[in-house]
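Sequential numbering from 1 applies to the sequence shown in the working numbering. Ideal Cβ placement from N, Cα and C applies to all residues, glycine included.
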Amino acid sequence: MVSRCKDCSPIQIWWRSAELCSVTDQVQDVVLNPRVIVEVLSPSTEAFDRGEKFHRYRRWLPTLTDYVLVAQDRPVIDHYQRTRTDRWEATTLEGLDTSLHLPSIACTAALVDVYERIVLPSRGAGG
1 MVSRCKDCSP IQIWWRSAEL CSVTDQVQDV VLNPRVIVEV LSPSTEAFDR GEKFHRYRRW
61 LPTLTDYVLV AQDRPVIDHY QRTRTDRWEA TTLEGLDTSL HLPSIACTAA LVDVYERIVL
121 PSRGAGG
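Given below as structure tokens:
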């Protein structure tokens, strides 16, 4: 799914995979100029999402300003943001009391809202 609106509600960004400026491939259903990409991590794809896929995004998507990796088993989000000097800065957000800020699309999402309907594993005495 794709969000074409710039002023989204805080949680809306999580139900979309990209924020774009309306350029799509005419032959395939491919977004050519996303600004934000959000990946929900899974055990089988996490290494690829963090490694080769992110490398390809950085190389092939000059419009990309934010790459967001969302853990599905704990309230942790890794946010990679492109700087003005074309470097990428990483920030890890942990816990339900923090928020993700995406200035490139004027959006803020509280992790408590992102994980609102997610049943997280409970931490027992040993963990």
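C-alpha gap between residue i and residue j, whole angstroms
i: L102; j: A47; result: 24 Å
i: L100; j: E52; result: 24 Å
i: S44; j: F54; result: 16 Å
i: R82; j: P62; result: 10 Å
i: V68; j: Y80; result: 6 Å
i: R117; j: V70; result: 14 Å
i: R56; j: T98; result: 29 Å
i: W60; j: R84; result: 17 Å
i: V31; j: C107; result: 20 Å
Option nearest residue i by Cα separation, candidates the options
i: L93; options: A109, D86, T83, R84; result: A109
i: V40; options: P121, Y115, S122; result: Y115
i: I105; options: H55, I37, W60; result: I37
i: P121; options: R84, P75, V70, L69; result: P75
Within 8 Å, strictly: CB atoms of residue i and residue j
i: D78; j: A90; result: yes
i: D86; j: R35; result: no
i: R88; j: R58; result: Before going on, a small fix: residue 88 reads as Trp here, not Arg. Closer than 8 Å, so yes.
i: V119; j: L96; result: no
Short CB-CB distance (under 8 Å) between residue i and chain C
i: D66; result: Note that chain C does not occur in the displayed structure, where there is just one protein chain.
For residue i, the residue or residues it bridges with in DSSP
i: H55; result: DSSP output for H55 lists no bridge partner at all.
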